[in-house]
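In this note's numbering, the protein residues as written are 3 to 917. Shown next, in structure tokens, is the structure this report addresses.
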Amino acid sequence: MTDTGVALTSEREKRIDALLQQMTLAEKVALLAGSSMWTTTPIERLGIPAIKVTDGPNGARGAGGFVGGAVTAACFPVGIALAATWNTTLLEAVGEALAEEAQSKGAHLLLAPTVNIHRSPLNGRNFECYSEDPYLSARMAVAYITGLQRRGVGATVKHYVCNDSEFERNTISSEVDERTLREIYLPPFRAAVQEAGTWAVMAAYNRVNGIYASEHPMLLIDILKREWEFDGIVMSDWFGTKSVVEAAANGLDLEMPGPTRWRGERLLAAVEQGQVSLAAIDESARRMLRTIARAGAFENPDIRPEQAIDRPAHRALIRRAAAEGMVLLKNEGGILPLNLASLSSIAIIGPNAKTAQIMGGGSAQVNAHYAISPYDGIAARVGNRATLGYEIGCTNHRQLPRLDGKLVEAGDGSGRGFTIVYYNSPDLTGDPVHRATVETGEQVWLGEVAPGVDPRQFSARLTARFTPTESGVHTFSLISAGVSRLFVNDTLLVDNWTNPVRGDTYFGAGSTEVTASIALEAGRTCDLRLEYSTQGAAMLAAVRLGYLPPVAEDAIERAAALAARSDVALVFVGLNADWESEGHDRPHMDLVGRQAELIERVANANPRTVVVLQTGSPVTMPWLDKVAGVIQAWYPGQECGNAIADVLFGDVNPSGRLPQTFPVRLEDNPAYINYPGENGRVRYGEGIFVGYRYYEKKKVAPLFPFGFGLSYTTFRYDNLRLSADTLAPDERLTVQVDVTNTGNVAGQEVVQLYVRDSAARVARPEKELKGFAKVALQPGETQTVTLHLDREALAYWDDAQHAWVAEAGEFEVLIGSSSQDIRARATFRLSETVSFGGPAKPPVKLSIDSPVKALLEHEGARHILERYLPGFAEQAGVGVMMGLTLAQMAGFAPDRITPEHLAAIAADLAQLRDQ
């Protein structure tokens, strides 16, 4: 197990013991809650320092707001884009880089990675998570955490567990059976704990089978801390602690953020009244001290000031990871890569062409150092070798795009951006307490605001001078957590102050969007004054100034005309951080607005049309047959446009593979009937048949299967061989296959290994991913890919035994380029059935009055039956009588099951029960 940071030697453990003995109960309790939005509580009397955490997972934001923070940060590709690389070595490098980013923000722990499963295409945070497949998610998580912690920054794997939608996420109960929980939703967390040694686990907001995840004894104590032997801390999600007694008694070590709402004096009283044991407090305090020690904070107690360090090495890594995660979905007639030698004109079309959609929304957002749009990336790559034309075609915003500070001059003349002046009053009265220039018209204050500003109550005035570049109707909007209003040339234009209406923005703490339009002339400067107050704000304070320039009524016609007179048309469409965000799910699976119509009109005008999709989850593609090429580019981080250009022009051969099945339509997905839930519950009715497991079992053809992705070259698979025909349960099977690049350019292939249980006694998927390898090959080169399987790769969770079971019998190995493109097959046998893992077995309560089915499903009872009734399980007629008790079945077959048999079996079952 990987567990880096400062080694917990016996001497350090003794120091932790000594500190615990010196701490008062009040000090121990204080340690179990944060002191601020991002720091734990120091115990100064004993020299116990605070440690700092920061959001991830695609960057280290620091203590500033999501988009308006004073300190910029590197923005990496989102989780699904990283998983699409299928490259664990690359994920380790990303983890190492993120450790440096976190350290530049003075943080000891990064609140990442997010490893929840893609259960439905509509989950608002699919972009942030890795995959629909637990094995791929686990491999990505282990690599990311290993790289991060290798450089001395702790990971906080989240959100534990079944937080797979944003619908009513603070209260909804995920109703899931234990087999599904064990096989699908827990494996990424288990791997993060047992293989990567994650320092922390973040409990989810939701309930699991009726009990809040942040106080769930089975999840936090029985499985996480006892069965998996996790020795780090369990922290709440922000404001996600639900109780005093249950949370403290059932395994939640740290309440975040501070100051405490549930602990402090309330927890002290609960301990003194005997509602929470001192042992539970000591256990959580020990875990906190252990984490502080791992972070090296005892030796270096000062939290470093935040810095914005734009590292060239991180720029290059982000660009590489972004390009490697892009998936080539269609390439009809070899239209890609684009050959500049044969192009004189390129049409660049779409709402995402000149806007860099680099990340999803919510707590994963960072204030990026910069963002390269697709247009700018292509322009840099093309230079003067071809003419670029641009048309927006249509819009795709959910709320108006925020007004970029580059478009305005600060009101005090200090440069580009907005002048902001703060007041410690709710109505902009009194003396100003702080003045600054900010880069954007969106400000989010979560905890810290600015020096001298009271975060509990303040107001602010933002001023700027705006000069339109085109005449027409310009639209402005305001969204706020609090109240806000916008004046243009001292005239009130947008009023979100008088009667704000609560919406789903800012995690449900923000208002609906209020818009207003005004006619402005190109070149004529106007004064903007935005006023904000925290009146009515809860949890966080925020304001967003949106802006939309005039959009021509014939924008689609203009885009089609541009395409018709160009050699190739590149259409940039998709979603953005407003549609895919923490706090709400997507309303449907379609491209929003008129984007589908735009694609069809452009393709009709020019069949050489390539669509570049930027989404964090699947969308419907009714236009797929009409375009020549499709690239799934995800949200690729700050190098967005450069990485897209790398793939379009062949500087990078695309090697991304889909980590999520793309269905033809929303109704096809396995969670459709039960999603998002009702009456406070969501039933995981599809069970273990999530993603490709469902599509294959139900024989529903997807639009693009799991693991799919094209290349600019081709690959051949040969000579599949297994190290043995029969495998003992304690042995490992070696699988080898030769892969050859049969094309004319270098490329990378993702070799995927699936396993099929040919004769399981329980329902199992048609195949399950159990291994993969990414191999780089020059033209004509052949390499041997080696993968391994062990008993865990063959096992399922047996609810009756509360253990993993790998059954004796035949298994099929399937090697392919996707879940449906299987290139080679071979079989082997597992020599005997074995059960392993799981919690301590519950007491056996089986007797001759138990159903025959229950007796046969329990390994010990089954052996007893076989001892007295050889061949009983295979006997004709037994299968249809499984619901009867053994005593009842004896009445139908008294010659086969005699009273003497029943007496002997009853005695042995009683002994089994007493063991």
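Just so you know, even glycine gets a beta-carbon here, dropped at the ideal spot from N, CA and C. Predicted model only: the values in this text are computed from it and were never measured.
- Assignment of Tyr719 by DSSP, reduced to helix, strand and coil, places it in the strand class.
- The beta-carbon separation of Gly449 and Ala65, rounded to 6 Å, stays under the 8 Å limit for a contact.
- In the pairwise beta carbon analysis, the region 415 to 433 is classified as not touching the region 380 to 399: fewer than three pairs are separated by under 8 Å.
- Between Leu48 and Leu27, the C-beta spacing is not below 8 Å.
- Comparing alpha-carbon positions, the option among His903, Val273 and Ile235 lying closest to Asp255 turns out to be Ile235.
- Secondary structure of Met591 (DSSP, three-state): coil.
- A straight line joining the alpha-carbon of Asp506 with that of Arg588 spans about 12 Å.
- According to the DSSP secondary-structure assignment, Trp264 is paired through a beta bridge with no residue.
- A residue is called buried when at least 16 other Cβ atoms come within 10 angstroms of its Cβ; Ile817 meets this threshold and is buried.
- For Pro665, there is no enclosing beta strand (DSSP E), as DSSP marks it with neither H nor E.
- Excluding sequence positions up to five before and after Ala524, its CB lies within less than 8 Å of the CB of Pro470, Thr471, Glu472 and Ser473, all in the same chain and listed in chain order.
- Taking 8 Å as the cut-off, the Cβ atoms of Ala215 and Val159 do not count as close.
- Considered as a whole, the region 850 to 895 harbours 854 to 859, 861 to 870 and 888 to 894 as its complete alpha helix (DSSP H) runs of no fewer than 4 residues, in chain order.
- Following the DSSP letters along the chain, one finds Gln24 in no beta strand (DSSP E) but inside the alpha helix (DSSP H) bounded by residues Ser12 to Gln24.
- The shortest CA-to-CA distance from Ala349 to any of Ala145, Tyr392 and Glu326 is the one to Tyr392.
- Per DSSP, reduced to three states, the secondary structure at Ala101 is helical.
- Following the DSSP letters along the chain, one finds Arg296 inside the alpha helix (DSSP H) bounded by residues Leu280 to Arg296.
- When the alpha-carbon of Pro259 is set against those of Thr431, Thr56, Val368 and Ile283, the nearest one is in Thr56.
- Between Cys642 and Ala366, the C-beta spacing is not below 8 Å.
- Under the Cβ criterion (8 Å, minimum of three pairs), the region 526 to 541 does not count as touching the region 618 to 626.
- The Cβ neighbour count for Gly407, taken over all protein chains shown within 10 Å, is at least 16; the residue is labelled buried.
- Excluding sequence positions up to five before and after Ala889, its CB lies within less than 8 Å of the CB of Ile850, Asp851 and Leu904, all in the same chain and listed in chain order.
- Contact annotation: the region 82 to 102 does not touch the region 541 to 555, with fewer than three C-beta pairs closer than 8 Å.
- Around the beta carbon of His161, a 10 Å sphere encloses 16 or more other beta carbons of the protein chains shown; the residue is thus reported as buried.
- The criterion of a C-beta distance shorter than 8 Å is not satisfied by Gly811 and Lys855.
- When secondary structure is reduced to three states using DSSP, Cys77 falls in the coil class, being assigned neither helix nor strand.
- The shortest C-alpha to C-alpha distance from Tyr508 to any of Leu532, Pro457, Ala561 and Gly363 is the one to Gly363.
- Pairing Gln634 with Ala826, the inter-Cα distance amounts to about 27 Å.
- Bridge pairing for His790: Thr736 [DSSP].
- Residue environment analysis places Ser346 among the exposed positions, since fewer than 16 neighbouring C-beta atoms fall within 10 angstroms of its C-beta.
- Within the same chain, Cβ atoms closer than 6 Å to the Cβ of Gly395 are found at Ile351, Gly352, Ala557, Ile558, Ala561 and Leu600, the five residues on either side in sequence being excluded.
- Put simply, of Gly432, Ala194, Glu861 and Ile225 the residue whose alpha carbon is nearest the alpha carbon of Phe460 is Gly432.
- Around the Cβ of Val446, a 10 Å sphere holds 16 or more other Cβ atoms; the residue is buried.
- Your pair Leu577 and Asn398 checks out as a contact, with CB atoms roughly 7 Å apart and the cut at 8 Å.
- Here Glu134 carries a coil assignment [DSSP, helix/strand/coil].
- Taking 3 residues as the shortest admissible run, the region 483 to 549 contains the following complete beta strand (DSSP E) segments, listed from N- to C-terminal end: 485 to 490, 493 to 498, 516 to 522 and 528 to 535.
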